[in-house]
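J.: Offset between the sequence shown (1-based) and this note's numbering: plus 27.
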Amino acid sequence: MHMKPLNGLRILEFDGLGPVTFAGMMLADMGAEVLRLTRSEAAGSAVFSEVGGAVLHRNRAAVPVDLKSASDRRGVLSLIESADAVIEGFRPGVMERLGYGPADLLGRNPALVFGRITGWGQSGPLAQAVGHDLNYIGLTGLLHAMGSPDRPPTPPLNLVGDYGGGAMMLVVGVLAALLEVRTTGRGRVVDAAMTDGTALLGGLFHALRAQGLWNDRRGSNLLDGGAPFYRCYICRDGGYVAVAALEPRFYLALLSGLGIDPAEAPQYDTSAWPDLHLRFAALFAARNRDDWAEHFAGTEACVTPVLSLGEAPAHPHNQARGTFEDGAPAPAPRFDDQPSTVANPPPLPLDAAILRWGGCEPR
Numbered sequence: 028m029h030m031k032p033l034n035g036l037r038i039l040e041f042d043g044l045g046p047v048t049f050a051g052m053m054l055a056d057m058g059a060e061v062l063r064l065t066r067s068e069a070a071g072s073a074v075f076s077e078v079g080g081a082v083l084h085r086n087r088a089a090v091p092v093d094l095k096s097a098s099d100r101r102g103v104l105s106l107i108e109s110a111d112a113v114i115e116g117f118r119p120g121v122m123e124r125l126g127y128g129p130a131d132l133l134g135r136n137p138a139l140v141f142g143r144i145t146g147w148g149q150s151g152p153l154a155q156a157v158g159h160d161l162n163y164i165g166l167t168g169l170l171h172a173m174g175s176p177d178r179p180p181t182p183p184l185n186l187v188g189d190y191g192g193g194a195m196m197l198v199v200g201v202l203a204a205l206l207e208v209r210t211t212g213r214g215r216v217v218d219a220a221m222t223d224g225t226a227l228l229g230g231l232f233h234a235l236r237a238q239g240l241w242n243d244r245r246g247s248n249l250l251d252g253g254a255p256f257y258r259c260y261i262c263r264d265g266g267y268v269a270v271a272a273l274e275p276r277f278y279l280a281l282l283s284g285l286g287i288d289p290a291e292a293p294q295y296d297t298s299a300w301p302d303l304h305l306r307f308a309a310l311f312a313a314r315n316r317d318d319w320a321e322h323f324a325g326t327e328a329c330v331t332p333v334l335s336l337g338e339a340p341a342h343p344h345n346q347a348r349g350t351f352e353d354g355a356p357a358p359a360p361r362f363d364d365q366p367s368t369v370a371n372p373p374p375l376p377l378d379a380a381i382l383r384w385g386g387c388e389p390r
């Protein structure tokens with residue numbers, strides 16, 4: 028039987044939307060036993076929707092609880108005593124008001140890792156302000172860098188703030204704190220703010236800017252669509268190709284595939300980029316997307332089709348790797364060729380969850 032890397036870890040996830048749900052999914056995918064504390068009917072109208080459904084909620088059981096109920100509180104605290112970590116995504120102060128703040132929970136379990144994820148962080152002038160992914164990444168400078176130069180910045184879905192700068196940073200922080208517990212025996216609070224994490228994701232661009240290799244004019248830089256050899260082009264059938272021929276060798280392969288003399292298209296003459304973009308655009312518009320994909324297949328030109336969400340699971344490479352299961356993304360990363368497993372266990376009553384973790388039933 029294959030053991031996953033996080034087998035043996037017990038994590039309580041206070042149910043929420045978006046980033047904390049994604050973090051819970053990742054931890055469960057990697058083998059942690061995650062119990063997702065969801066709002067029970069006794070707590071009134073549900074405030075946590077099932078956004079994400081069988082994908083983001085996979086590999087862990089939902090445990091319906093009323094966090095304001097005295098009996099359910101005793102049960103949750105019993106689970107806390109057996110848990111290695113807690114993750115939550117409420118606004119600052121909510122867990123404290125409910126009686127589940129770090130002081131309360133670490134008092135019951137001093138080795139507990141308490142992972143918190145918010146947009147603005149637990150402190151600062153905006154800590155109590157409402158917001159969403161777009162607001163958070165807008166404050167970091169990264170949103171300003173995305174999109175066409177003649178239009179407002181383009182929302183990059185909610186991948187950058189919620190999931191890249193948020194959920195991923197929470198997972199890294201929780202795992203780092205769990206490693207520390209092994210040597211110190213003391214728990215720690217992890218404050219994962221999407222603004223902090225997103226700013227960190229932009230480290231390369233701040234470094235380039237400091238060296239004079241990046242400017243704030245959107246769509247005029249190497250990696251933001253300004254370079255004609257690093258952008259997407261529309262094809263005759265309305266599909267798109269992604270062109271990413273950054274290195275000179277790859278750029279020469281691109282020019283060869285397009286039938287362009289390298290002497291006519293010096294790669295790093297930025298003054299020639301606008302005209303070169305128009306030339307590339309006209310060529311790509313003359314053939315269908317999949318024709319171009321076949322034309323460049325096996326070359327070093329770094330030209331690939333831009334697939335839709337519906338098309339991606341059927342691509343031969345994705346099928347060969349099992350990147351998708353039943354049309355949904357499979358767990359990642361991989362560990363020693365271990366097969367990924369996806370399950371959707373039924374809800375687990377609180378008393379059964381307590382017994383599973385070896386605690387005492389609530390009285």
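Cβ coordinates follow ideal geometry from the N, Cα and C atoms, glycine included.
Whose CA, out of Ala380, Ser96 and Asp296, lies closest to the CA of Pro422?
T.: Since the displayed the chain opens at 28 and closes at 390, residue 422 lies outside it and no answer follows.
J.: Could you check which residue in Asp378, Pro343 and Pro360 has the C-alpha nearest to that of Gly58?
T.: Looking at the Cα atoms, Pro360 is the closest of the given residues.
J.: Less than 8 Å separating the beta-carbons of Arg245 and Ala172?
T.: Their beta carbons are under 8 Å apart, which means Arg245 touches Ala172 by this criterion.
J.: If you measure between the beta carbons of Ala269 and Phe256, is that distance less than 8 Å?
T.: Cβ atoms of Ala269 and Phe256: not closer than 8 Å.
J.: By DSSP, does Ile164 sit in helix, in strand, or in coil?
T.: The answer is helix: DSSP assigns Ile164 an H, G or I state.
J.: I need the straight-line Cα distance from Ser72 to Leu336, nearest angstrom please.
T.: A caution first: Ser72 carries a pLDDT of 41, below 50, which makes its placement in the model unreliable, though a value can still be read off. Their Cα atoms are separated by approximately 33 Å.
J.: May I ask you to report which of helix, strand or coil DSSP gives Arg361?
T.: The answer is coil: DSSP assigns Arg361 none of H, G, I, E or B.
J.: Which of helix, strand or coil does DSSP assign to Ala156?
T.: Three-state DSSP puts Ala156 in coil, outside helix and strand.
J.: Go to Gly284, then tell me how far its alpha helix (DSSP H) extends in each direction, as first and last residue.
T.: Segment Pro275 to Leu285, the alpha helix (DSSP H) holding Gly284.
J.: Going along the chain, which residues of its own chain have a beta-carbon closer than 6 Å to the beta-carbon of Val330, five neighbours each way excluded?
T.: Hits under 6 Å: Val268, Val270 and Phe323.
J.: Between His29, Val47 and Leu170, which lies nearest to Phe232 when the distance is taken from Cα to Cα?
T.: That would be Leu170, whose Cα lies nearest to the Cα of Phe232.
J.: Considering Ala313, what are the terminal residues of the beta strand (DSSP E) in which it resides?
T.: Run containing Ala313: none; DSSP gives neither H nor E here.
J.: Of all the beta strand (DSSP E) runs that stay within the bounds of the segment 319-355, which reach a length of 3 or more residues?
T.: Those beta strand (DSSP E) runs which fall completely within the segment 319-355 and span 3+ residues are 330-332.
J.: When you compare only the Cα positions, how much space is there between Phe75 and Gly43?
T.: A caution first: Phe75 carries a pLDDT of 41, below 50, which makes its placement in the model too unreliable to give a value.
J.: Taking the continuous beta strand (DSSP E) assigned at Arg37, which residues delimit it?
T.: Arg37 -> beta strand (DSSP E) spans Arg37 to Phe41.
J.: Just reading off the alpha helix (DSSP H) that Val201 is part of, what are its end residues?
T.: Here the alpha helix (DSSP H) through Val201 covers Met195 to Thr211.
J.: Could you compute how far the alpha carbon of Glu207 sits from the alpha carbon of Arg213?
T.: About 8 Å.
J.: So, at 7 Å on beta carbons, what are the nonlocal neighbours of Leu250 in its own chain, with the 5 sequence-adjacent residues on each side left out?
T.: Cβ neighbours of Leu250 beyond the five flanking positions: Tyr257.
J.: Going straight from the alpha carbon of Leu94 to that of Ile107, what length do you get?
T.: In a straight line, the C-alpha of Leu94 is about 13 Å away from that of Ile107.
J.: Here's the rule I'm using: 16 or more other beta-carbon atoms within 10 Å means buried, otherwise exposed. How should Glu338 be labelled?
T.: Answer is exposed; the Cβ neighbour count stays below 16.
J.: With a threshold of 16 other CB atoms inside 10 Å of the CB of Glu123, please say whether the residue is buried or exposed.
T.: So Glu123 ends up on the exposed side.
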